[in-house]
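Position one of the sequence shown corresponds to residue -3 (this note's numbering), numbered consecutively onward.
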Amino acid sequence: MSPAPQATSAVVLIPDTASTRQYIGGWAVLSVLQYFAAEAAAIGAWAGPGPYDLRTGYISDLGALHCGIFDGREVCSPLNWLMNASFVVQGLGMVVGALLLSSALLCVAARSDLRIRPGTRKPWLAALWVRLLTGLAGAGTVIVGLVPEDAGSGWHLAGAVMYFLAGAAALVVLGLLWLRKTPMAWFILACGAVSLAALATGGLTGMAVPEPGTLERLMGYPVTVGMATAGLVIARRVHRHRKELRAASIAA
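Next comes the structure, spelled out in structure tokens:
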């Protein structure tokens, strides 16, 4: 990880917005969207006594290893392996993105026309927090996939909370960091805020609400969509800059 620039430096930092590392990092974060395809497939294969209900069914029910009663609910997901694999892939995409995307790139929202000037300690720290929180959220959902809800371990719940809380916080910080750098900043910020509000509601009510499935999806879906949006912004801008550099090289 590159050290933060010193406030006394007289040199303007030019972030690398065209490297293969950044391009792969953007696509890694964008890959979290595969979750929705896996969830749809797992729901379609549901073999419980009744159809799976998005409003009342927990997401983790789709990854339960065994058919039967779990926590008072009938669960039976023949494609539990696919759902759990999706959790792991989703988490790894976020961890890879956190490792590959530089703090400098996040500071400028992958814009090749922006520079990091001396004295920009706060944006640099914000970008570092985004990376740390994103990596923590990714590790959480990897745990969710490796330790299904009916595996008899508290690590499943811990992993889910890590994903919801750290992922939402990362989006809030990123949205604030990207204000005036991309129109999507407000959307990313809103995704984080919705997820945090839903998480607070779930914590205060103990998920004892008429539609716990809806509430849980308000915690998780915005994180997935917000992360994918950030990945898309980065991947598109890095791709555009790479094309511009290739065109300039050919012209020269």
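For glycine and all other residues, C-beta sits at the position ideal for the given N, C-alpha and C.
In this text the structure is predicted, and so the values were computed from the model without any measurement.
Secondary structure at E70: strand, using DSSP grouped into helix, strand and coil. Taking A181 as the centre and dropping the five residues before and after it, the same chain places the C-beta of G171, W174, L175 closer than 7 Å to its C-beta, in chain order. By the C-beta density criterion, D146 is buried, having at least 16 other C-beta atoms within 10 angstroms.
With contacts defined by Cβ atoms closer than 7 Å, Q18 and L110 do not form a contacting pair.
In its chain, beyond the 5 residues on either side, I139, V143 have a beta carbon closer than 7 Å to the beta carbon of W151. For Y159, the enclosing alpha helix (DSSP H) has its first and last residue at 151 to 173. H62 counts as exposed, since fewer than 16 other beta carbons sit within 10 angstroms of its beta carbon. Non-local beta-carbon contacts of Y48 in its own chain, meaning distances under 7 Å to residues more than five positions away in sequence, involve I39, W42 in chain order. Assignment of G188 by DSSP, reduced to helix, strand and coil, places it in the helix class. A166 places its beta carbon less than 7 Å from that of V126. Apart from the 5 residues on each side of it in sequence, W23 sits with its Cβ closer than 6 Å to the Cβ of A231 in its chain, given in chain order.
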